[in-house]
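Student:
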Amino acid sequence: MSDETKPLVLLTGLNGFVGAHVLDQLLKANYRVRGTVRSLSKSTFFQLKYPQACRDQDLTFIAVPDIQASAALDEAAQGVDFICHVASPFFTSTDDPIRGLVEPAVNGTRNVVRSALASKTLRKMTILSSFAAVMDMSKGTRPGYMYTTTDWNPVTRDQAAENGFFGYFASKTFAERAAWDMWEEAKAKGEISWDLVTLCPPMIYGPPYHEVHTDKGVEGLNTSLKDLVVGLQGRNPAFKPKVATPGLPAWVDVRDVAKAHSACVYELERERIAFLPAHPDRQAADDLTQSHVDTTSTATSAEDDESRVLGYANDTKGTPGIIRGLGASTGVYHESRTRHDSTTNKYASTIRELPAHRHVDFLVQAFFQNVAWHYDIVDEATFTAQLSQWSALSHKQLTLAPEGLPTSLKAFPALLFQVLAQALLFQPQRHDECLNDLKYAADMELSDRAAEYSDAGMRIASSFKKSELSLTIVQATLMRCCFEKTTGAVTEAWHTLGTAIREAQELGLHKLEPQQRISWRTETAHHDLGRKVWLMLHLWDAHMGIVLGRPMSTRLNPDDVPSPTPWDCSADAPRPPQPRDVILCGYHTAYRYLQEIHDLEKIDDSRLLVDNIHDRLLANLSNLPEWARPQRSRDCEPAWLPAALEIMTTNMYFVLFSLHRPFIFASARSRATAVYAATQILESQARLFDRTEPLQHKAFGWVFATFDATVLIVAVHVRFPEEFMGDFAATKENVEGALERLKVLRASNDLAGSAFRILQRLYEKMLEAATHPTESSSLDTGSSDGFVGMEADTLGGEWEDALLPDFGSYSLPPDPFNELLCNGDTSFGVDPAWQTDLDLAQLGDLAGFDNRS
1 MSDETKPLVL LTGLNGFVGA HVLDQLLKAN YRVRGTVRSL SKSTFFQLKY PQACRDQDLT
61 FIAVPDIQAS AALDEAAQGV DFICHVASPF FTSTDDPIRG LVEPAVNGTR NVVRSALASK
121 TLRKMTILSS FAAVMDMSKG TRPGYMYTTT DWNPVTRDQA AENGFFGYFA SKTFAERAAW
181 DMWEEAKAKG EISWDLVTLC PPMIYGPPYH EVHTDKGVEG LNTSLKDLVV GLQGRNPAFK
241 PKVATPGLPA WVDVRDVAKA HSACVYELER ERIAFLPAHP DRQAADDLTQ SHVDTTSTAT
301 SAEDDESRVL GYANDTKGTP GIIRGLGAST GVYHESRTRH DSTTNKYAST IRELPAHRHV
361 DFLVQAFFQN VAWHYDIVDE ATFTAQLSQW SALSHKQLTL APEGLPTSLK AFPALLFQVL
421 AQALLFQPQR HDECLNDLKY AADMELSDRA AEYSDAGMRI ASSFKKSELS LTIVQATLMR
481 CCFEKTTGAV TEAWHTLGTA IREAQELGLH KLEPQQRISW RTETAHHDLG RKVWLMLHLW
541 DAHMGIVLGR PMSTRLNPDD VPSPTPWDCS ADAPRPPQPR DVILCGYHTA YRYLQEIHDL
601 EKIDDSRLLV DNIHDRLLAN LSNLPEWARP QRSRDCEPAW LPAALEIMTT NMYFVLFSLH
661 RPFIFASARS RATAVYAATQ ILESQARLFD RTEPLQHKAF GWVFATFDAT VLIVAVHVRF
721 PEEFMGDFAA TKENVEGALE RLKVLRASND LAGSAFRILQ RLYEKMLEAA THPTESSSLD
781 TGSSDGFVGM EADTLGGEWE DALLPDFGSY SLPPDPFNEL LCNGDTSFGV DPAWQTDLDL
841 AQLGDLAGFD NRS
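First residue of the sequence shown? That's 1 in the UniProt record's numbering, and the numbers climb one at a time after it.
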């Protein structure tokens, strides 16, 4: 029976070379797939290859005899969440390239997009284009040239009619342009809300997962592999030199292309991506042929070893086909049992890494005292109850784990390991001596043991199938994200967050409706905790999206988030604020606007929205509840509350900062507001630093808040020294304070060293600008090259991996501030229009970013 909570993907070209790999990745990623085939008889191979998915209706097929026919895909596109359009002709031998290549590609793509435009459920569409649509053949290989979304193949229809090679280039170029034109027209009219992504890989090679007709020899291969094999064998002299020293030295593994499709489904917004990951020499091509092409006789060899022992051909016909059709292949059974045994052994061996009860109890107590209030991901009462049950398990039950354990406890060790890891990270320098027992090497630190515990937690969490997910696994995955970000693995943390979000969606946490809009505490415990976790996932998603320039994959209706519980210290039995109350207060004051700020670039005219958010945010900041104000009674308040409220202050001003940051080089008002917000952040961080114990210095917030705010302040003082000359003394003091804090934090925070070195160089640039203000301010007019050059000189190539956002193939919007997030070797050009000083009323003309322009 199909699990309809799984997203449904329409995949065209299912039985092609790339399509078969995309199908495999989508099924592994727990999607439902509806694949198009020319006739249902073409689906037999995949029914035999994925019998369980077919029985569960996670894989279904729909016949589309002619993708060019009118409304050919309307039925196929009904009710889908995503579309992956992979189908397109790939051959170069044709008497009529226009009718044989160009028209099928363009008409097929137009049909798919038309059906997508009519869909009421679609969230995103991915189209497999080609680097053939990007490169300009007349300019050769262009060594050192950086391709962008503005690069298109200038091939004409007349050229396409000349031969099959030009015809193929035109088919990919015209089809992709048609898709973008249709999408942009519908988007401009407000008819759709879904995003479009196009992938433009070069030559694609790798093992075939589709049906291969081995009786035809090389002719049974797909076009790219056939050309490669023929060229290497010397049977095609015209092709052979291109393999050894190719005209365009670029190829990509088909498995990576498939993974890119799966990732694009949930990780990217509208985008055009070209990737050139490899330069094959002759030996590389030979290796590729040996490792990949020799496997063309089978697409499922791992499942058929025992059939081959009996002498059967690896085929879908005869007895092997019948066995596989019944889902009873002996190969499958053996594989399943081995996998099960491996999982069991991994689980059992991993839980043995848990420390003794006395260490567990000590660290759990330390976690809820020093760490839990930062995140509020783990409910103390629920966790304590689970820990008590876990501690009472018998040796026999643990020996038989996980099968011998109660269902509610199977995933608990995954979360327990993450809690222990966090507790170890936040230990003071002079920690309890009992923790030294956890070290097994002379030079070992507690942070080393923490990393091992966190890794162990991930091994436990990953040992469960997607059908066995639980809320505990989601909590453990999110805690792993916290650990990675705290220890400087920022890119890994973002990817782990994506996993946690997908797991939560699989459980339906994003669909939980509020049973009571006043207080969390009146809801059932599981419903309550599920909604709390989803809120934290959303806040992490929004914050990392804005800080790192990443896409967001969650949305949250602010009306579904309850208000914090009122607190009156004078009451007979006052209930002090809880960590959840601080988070809810920050959310309703400021954090609720993060998702709108993140989406500003999608709006053609954002000035009204910017003004509206600005006014609401300032009004909220002036109406904080009594217990959350700086001037408040300190009677009865918990020890952790002052630090938590200071962090909330930092984060609330970060929202105001983020609202105006995209416009600091364009609008004097936004510039002033952003500098004000950045100053408030630095002053808040200074107060927090003075009041906080060193054991809290591991938290990643120390670095990101200080770093973002200081970079902006320094940038505007370098760029507009005369405009901010009156504030220079105060700014100099704030920046020096930030540097001093980072200098101290370097001893305990993995991110602080990178931030300190970068800011030190920017600070020197600021002092230089203050000494020669006329020279610096002259950068404000004319070409942007001066400022780009200044940034390249300032930052050079010393951006550390820990802080440099991993943009991959993304293109940032045309914002000069993005120059501060790129190293000197990969600077982005800046439109001269961004160099003028504009009023806030003109923001709409600047905020309509289009990543393709």
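Using N, Cα and C, we set each Cβ at its ideal position, and we do this for glycine too.
According to DSSP, His85 sits in a beta bridge with which residue or residues?
Tutor: Walking along the sequence shown from the start, residue 85 turns up at place 85. In the DSSP output, where bridge partners are listed per residue, His85 has Thr12, Ile127.
Student: Just the C-alpha distance for Asp837 and Thr650, rounded to the nearest angstrom, thanks.
Tutor: Translated into the one-based positions of the sequence shown, residue 837 becomes position 837. Translated into the one-based positions of the sequence shown, residue 650 becomes position 650. Because Asp837 sits at a pLDDT of 34, beneath the cut-off of 50, its placement in the model cannot be relied upon, and the following sentence gives the value as read from the coordinates. About 28 Å.
Student: Are the CB atoms of Lys6 and Arg32 nearer to each other than 8 Å?
Tutor: As a position in the sequence shown, residue 6 is number 6, starting the count at 1. As a position in the sequence shown, residue 32 is number 32, starting the count at 1. Contact: yes.
Student: According to DSSP, what are the bridge partners of Leu59?
Tutor: Taking the first residue of the sequence shown as 1, we reach residue 59 at position 59. Val33.
Student: Quick one: what's got a C-beta closer than 8 Å to Arg632's C-beta in the same chain, skipping five residues either side?
Tutor: For this step, residue 632 is matched to residue 632 along the sequence shown. Correct list, in chain order: Glu626.
Student: Does Asp708 come out as helix, strand or coil in the three-state DSSP assignment?
Tutor: Sequence index remark: in the sequence shown, residue 708 carries index 708 (1-based). Three-state result, Asp708: helix.
Student: If you follow the beta strand (DSSP E) that Leu199 is part of, which residue opens it and which one closes it?
Tutor: Stepping through the sequence shown from its first residue, residue 199 is reached at position 199. Start and end: 195 to 200.
Student: If you scan the region 640 to 705 from start to end, which runs of the alpha helix (DSSP H) of 4 or more residues do you find wholly inside it?
Tutor: As far as the region 640 to 705 is concerned, its whole alpha helix (DSSP H) runs of at least 4 residues are 641 to 660, 668 to 691.
Student: Please list the terminal residues of the continuous beta strand (DSSP E) segment that includes Trp251.
Tutor: As a working note, residue 251 is residue 251 in the sequence shown. Here the beta strand (DSSP E) through Trp251 covers 251 to 253.
Student: Which residue's Cα is closest to the Cα of Leu420: Glu353, Glu433, Arg430?
Tutor: Taking the first residue of the sequence shown as 1, we reach residue 420 at position 420. Comparing Cα-Cα distances from Leu420 to each of Glu353, Glu433, Arg430, the minimum goes to Glu353.
Student: Do three or more CB pairs link the region 706 to 715 to the region 756 to 764 at distances below 8 Å?
Tutor: Touching, per the Cβ criterion.
Student: Within a Cβ cutoff of 8 Å, which residues of the same chain sit near Pro638, ignoring the five residues on either side of it in sequence?
Tutor: Here residue 638 is taken as the residue at index 638 of the sequence shown, counted from 1. Excluding positions up to five away in sequence, the list reads Pro576, Pro577.
Student: Measure the C-alpha to C-alpha separation of Lys732 and Asp541 and round it to an integer number of angstroms.
Tutor: Counted from its first residue, the sequence shown places residue 732 at position 732. Counted from its first residue, the sequence shown places residue 541 at position 541. Whole-angstrom Cα-Cα distance: 33 Å.
Student: With 16 as the cutoff for other CB atoms within 10 Å, does Gly508 come out buried or exposed?
Tutor: Your numbering for residue 508 matches position 508 in the sequence shown. Exposed, because fewer than 16 other Cβ atoms sit within 10 Å of the Cβ of Gly508.
Student: Run the CB neighbour count on Lys410, radius 10 Å, all protein chains shown included, and call it buried at 16 or more, exposed below.
Tutor: One-based indexing of the sequence shown puts residue 410 at position 410. Under this definition Lys410 is a buried residue.
Student: Met125 and Ala116: beta carbons closer than 8 Å?
Tutor: Position 125 of the sequence shown, counting from 1, holds the residue named residue 125. Position 116 of the sequence shown, counting from 1, holds the residue named residue 116. Cβ atoms of Met125 and Ala116: closer than 8 Å.
Student: Could you tell me the boundaries of the beta strand (DSSP E) in which Met458 lies?
Tutor: For the purposes of this step, residue 458 is taken as the residue at position 458 of the sequence shown. Per DSSP, Met458 belongs to no beta strand (DSSP E); it is in the alpha helix (DSSP H), 446 to 462.
Student: What first and last residue would you give for the beta strand (DSSP E) that runs through Met135?
Tutor: Reading the sequence shown from its first residue, position 135 is the one you call residue 135. Neither: Met135 is in no beta strand (DSSP E) and is coded neither H nor E.
Student: With DSSP as the reference, label Tyr593 as helix, strand or coil.
Tutor: Position 593 of the sequence shown, counted from the start, is the residue given in the question as residue 593. Helix, per DSSP.
Student: What three-state label does DSSP hand Met203 in the structure shown?
Tutor: In the sequence shown, the residue the question calls residue 203 occupies position 203. Correct three-state label for Met203: strand.
Student: Run through DSSP, which three-state label would Arg629 get?
Tutor: Taking the sequence shown and counting its residues from 1, the one referred to as residue 629 is at position 629. Looking at Arg629 - three-state DSSP - the assignment turns out to be coil, as it is neither helix nor strand.
Student: Where does the unbroken alpha helix (DSSP H) through Cys434 begin, and where does it stop?
Tutor: Here residue 434 refers to the residue found at position 434 of the sequence shown. Neither: Cys434 is in no alpha helix (DSSP H) and is coded neither H nor E.
Student: Between the C-alpha atoms of Tyr453 and Trp251, what's the straight-line distance to the nearest angstrom?
Tutor: Within the sequence shown, numbered from 1, the residue matching residue 453 stands at position 453. Within the sequence shown, numbered from 1, the residue matching residue 251 stands at position 251. Rounded to the nearest angstrom, the two C-alpha atoms are 40 Å apart.
Student: Based on Cα-Cα distance, which residue from Met648, Pro201, Val547 lies nearest to His598?
Tutor: Looking up residue 598 in the sequence shown gives position 598. Of the candidates Met648, Pro201, Val547, the one whose C-alpha sits nearest the C-alpha of His598 is Val547.
Student: Using the C-alpha atoms, what's the distance from Arg687 back to Arg746?
Tutor: Locating residue 746 in the sequence shown gives position 746, counting from the first residue. Locating residue 687 in the sequence shown gives position 687, counting from the first residue. Cα to Cα, the separation comes out at about 19 Å.
Student: Using only CA atoms, which one of Gly108, Glu403, Ala489 lies nearest to Ser463?
Tutor: Numbered from its first residue, the sequence shown carries residue 463 at position 463. Out of Gly108, Glu403, Ala489, Glu403 has the C-alpha closest to the C-alpha of Ser463.
Student: Verify whether the separation of the beta carbon atoms of Asn111 and Ala72 is less than 8 Å.
Tutor: In the sequence shown, the residue the question calls residue 111 occupies position 111. In the sequence shown, the residue the question calls residue 72 occupies position 72. Going by C-beta atoms, Asn111 is nearer than 8 Å to Ala72.
Student: So, for Glu160: in the same chain, excluding its five sequence neighbours on each side, which residues have a beta-carbon less than 7 Å away from its beta-carbon?
Tutor: As a first step, residue 160 is located in the sequence shown; it is residue number 160 there, counting from the start. The sequence given here has Ala at residue 160, not Glu. The answer, listed in chain order, is Pro97, Ile98, Val102, Phe166, Gly167, Ala170.
Student: Is the beta carbon of Val257 less than 8 Å from the beta carbon of Tyr205?
Tutor: To locate residue 257, count along the sequence shown from 1; it is residue 257. To locate residue 205, count along the sequence shown from 1; it is residue 205. Against a cut-off of 8 Å, the Cβ pair of Tyr205 and Val257 comes out as no contact.
Student: DSSP on Cys482, reduced to helix/strand/coil?
Tutor: Taking the sequence shown and counting its residues from 1, one reaches residue 482 at position 482. Looking at Cys482 - three-state DSSP - the assignment turns out to be helix.
Student: In terms of residues, what are the limits of the alpha helix (DSSP H) holding Trp373?
Tutor: Taking the sequence shown and counting its residues from 1, the one referred to as residue 373 is at position 373. Counting along the chain, the alpha helix (DSSP H) containing Trp373 begins and ends at 372 to 375.
Student: Could you say if the region 559 to 569 and the region 583 to 602 meet the contact criterion of at least three C-beta pairs nearer than 8 Å?
Tutor: The region 559 to 569 is in contact with the region 583 to 602.
Student: Quick check: what's the CA-CA separation for Leu40 versus Ile62?
Tutor: Indexing the sequence shown from 1 puts residue 40 at position 40. Indexing the sequence shown from 1 puts residue 62 at position 62. Distance between the alpha carbons of Leu40 and Ile62 is about 7 Å.
Student: Quick check: what's the CA-CA separation for Gln369 versus Val718?
Tutor: Taking the sequence shown and counting its residues from 1, the one referred to as residue 369 is at position 369. Taking the sequence shown and counting its residues from 1, the one referred to as residue 718 is at position 718. Straight-line Cα distance between these residues: approximately 43 Å.
Student: What do you get for Gly19, buried or exposed, if any count of 16 or more other CB atoms within 10 angstroms of its CB means buried?
Tutor: Taking the sequence shown and counting its residues from 1, one reaches residue 19 at position 19. Flag for Gly19 reads buried.
Student: The alpha helix (DSSP H) with Lys42 in it runs from where to where?
Tutor: Counting from one through the sequence shown, the residue named residue 42 turns up at place 42. Note, Lys42: premise wrong, no alpha helix (DSSP H); not H, not E.
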